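A.B. asks: Pasting a structure below so you can have a look.
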Amino acid sequence: GGKWTYDGPDGEHHWSRNFPYCGGAFQSPINFQPELLRFDPNLLPIQLQDYNLSTKEQLTLSNNGHSVLLSLPSRMHLTGLPHRYSAAQLHFHWGSSNTPVGSEHTVDGKQFGAEMHLVHFNSAKYPNISTALDKSDGLAVLGVFIEVGEYNPAFDRFLKYVNGIKYNGQKVQVAGFNVRELLPARLDEYYRYDGSLTTPPCFPSVLWTVFRNPVSISLRQYLALASALFSSHAQEAAPMPLLGNYRKTQLMDNRVVLVSFQQ
Ligand SMILES: NS(=O)(=O)c1c(F)c(F)c(S(=O)(=O)CCO)c(N[C@H]2CCCc3ccccc32)c1F
Ligand SMILES: [Zn+2]
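Sequential numbering from 496 applies to the sequence shown in the working numbering.
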């Protein structure tokens, strides 16, 4: 599909011209408004299978001009959801160096420093993510709020390589690690709703699970994301910093947000 950006003439208000679903219903992200939350006792703790990758495993860290992505082997998967969902990649959304707020989902209007997404596809029903992408039961994304605060050694497993992927199209190999360490302690406390990809093509195909509790990274780690990366290619004359790569919150369209926690 066509090129798209987060601001300017190809920014989010124009996405629906080339990507019709972006102007449709059940879009993400959303604001978690306390009065619209409903406790659901049937929401099970999320179970991570094979998340502890061997250091012999090689993962690809890449800059695709929209975010920084880490490829994940499909052997990694989730249970505790309506289907088995296999991992595909994780990526981030962040703000800028002088405005360290860039999460996509918000809680009662509060935006966090950044947000990590682990994209999975319904491997019980579809052979790969490409076939699952536009199916209503195709994807499950885990969202993790990130706060700027204490240093987080788990994030340095890959953040220390971002200088090798400063420009769009660049990739480096990083050693496998325990991806569980990137997630908050409580996998039983989360927001759950039906939504979409937050970037074009915006397919309404995502079962969202956003964990209640944020993780923290240091300001220096945050700046590795928010000041080291460019959306432009290396050889382009005018380098374009990759900043503010988050979509604004979308209409609820009569959706209810379920929560697995009570107080
Ligand atoms: N917030 S979000 O909705 O989770 C989300 C992003 F924000 C995001 F930027 C990406 S992207 O970097 O791939 C650039 C956009 O195509 C994705 N990719 C997904 C969907 C698109 C195709 C694809 C193919 C293989 C693996 C993952 C994906 C994404 F799902
Ligand atoms: Zn995302």
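A virtual CB, placed ideally from N, CA and C, is assigned to each residue, including glycine. Only a predicted model underlies this, so the values are computations on that prediction, with no experimental measurement involved.
Mind listing which residues have their beta carbon within less than 6 Å of any non-hydrogen atom of ligand 1? Chain order is fine.
C.D. replies: With the cut-off at 6 Å, the residues found are 559, 561, 562, 564, 583, 584, 586, 612, 614, 624, 628, 636, 692, 693, 694.
A.B. asks: Spatial neighbours of residue 602 within its chain, please: C-beta separation below 6 Å, excluding the five flanking residues on both sides.
C.D. replies: So the qualifying residues of the chain are 527.
A.B. asks: Is the closest heavy atom of ligand 2 to the C-beta of residue 588 under 7 Å?
C.D. replies: For ligand 2, at least one heavy atom lies less than 7 Å from the Cβ of residue 588.
A.B. asks: Suppose the cutoff is 6 Å on Cβ atoms and the five residues either side in sequence are ignored; what does the same chain contact list for residue 545 look like?
C.D. replies: Once the five neighbours on either side are set aside, the close Cβ partners of residue 545 are 570, 571.
A.B. asks: By the three-class DSSP mapping on this structure, what secondary structure does residue 619 have?
C.D. replies: Note: residue 619 maps to coil in three-state DSSP.
A.B. asks: Using only alpha-carbon positions, find the residue among 652, 596, 538, 575 that is nearest to residue 644.
C.D. replies: Ranking the options by Cα distance to residue 644, first place goes to 596.
A.B. asks: Report the three-state DSSP secondary structure of residue 596 (helix, strand or coil).
C.D. replies: In this structure, residue 596 counts as coil in the three-state DSSP scheme.
A.B. asks: Give the straight-line distance between the Cα atoms of residue 713 and residue 646, rounded to the nearest whole angstrom.
C.D. replies: Spanning the two alpha carbons is a distance of roughly 4 Å.
A.B. asks: Do you know whose CA, among 560, 516, 551, 680, lies nearest residue 734's CA?
C.D. replies: With distances taken between Cα atoms, residue 734 lies closest to 560.
A.B. asks: Please classify residue 531 as buried or exposed, where buried requires at least 16 other C-beta atoms within 10 Å of its C-beta.
C.D. replies: So residue 531 counts as exposed.
A.B. asks: Give the DSSP bridge partners of residue 669, in chain order.
C.D. replies: Residue 669 is bridged to 554.
A.B. asks: Using CA coordinates, which residue listed in 684, 741, 514 is at the minimum distance from residue 758?
C.D. replies: For the residues 684, 741, 514, the minimum Cα distance to residue 758 belongs to 684.
A.B. asks: Is the region 735 to 754 touching the region 681 to 697, taking contact as three or more C-beta pairs under 8 Å?
C.D. replies: They touch, by the three-pair rule.
A.B. asks: What's the C-alpha gap between residue 619 and residue 584?
C.D. replies: The straight-line gap from Cα to Cα measures roughly 18 Å.
A.B. asks: So, using beta-carbon positions, are residue 634 and residue 541 closer together than 8 Å?
C.D. replies: No, the Cβ-Cβ distance between residue 634 and residue 541 is not below 8 Å.
A.B. asks: Tell me whether the beta-carbon of residue 691 lies closer than 8 Å to the beta-carbon of residue 521.
C.D. replies: Yes; because the gap between Cβ atoms is below 8 Å, this pair is in contact.
A.B. asks: Just to confirm the assignment: which complete beta strand (DSSP E) runs, minimum length 3, are found wholly within the region 651 to 725?
C.D. replies: Segments of the beta strand (DSSP E) lying fully in the region 651 to 725: 666 to 670, 685 to 690, 701 to 706, 710 to 712.
A.B. asks: State the Cα-Cα distance for the pair residue 529 and residue 605, rounded to the nearest angstrom.
C.D. replies: Cα to Cα, the separation comes out at about 12 Å.
A.B. asks: By the three-class DSSP mapping on this structure, what secondary structure does residue 627 have?
C.D. replies: Correct three-state label for residue 627: helix.
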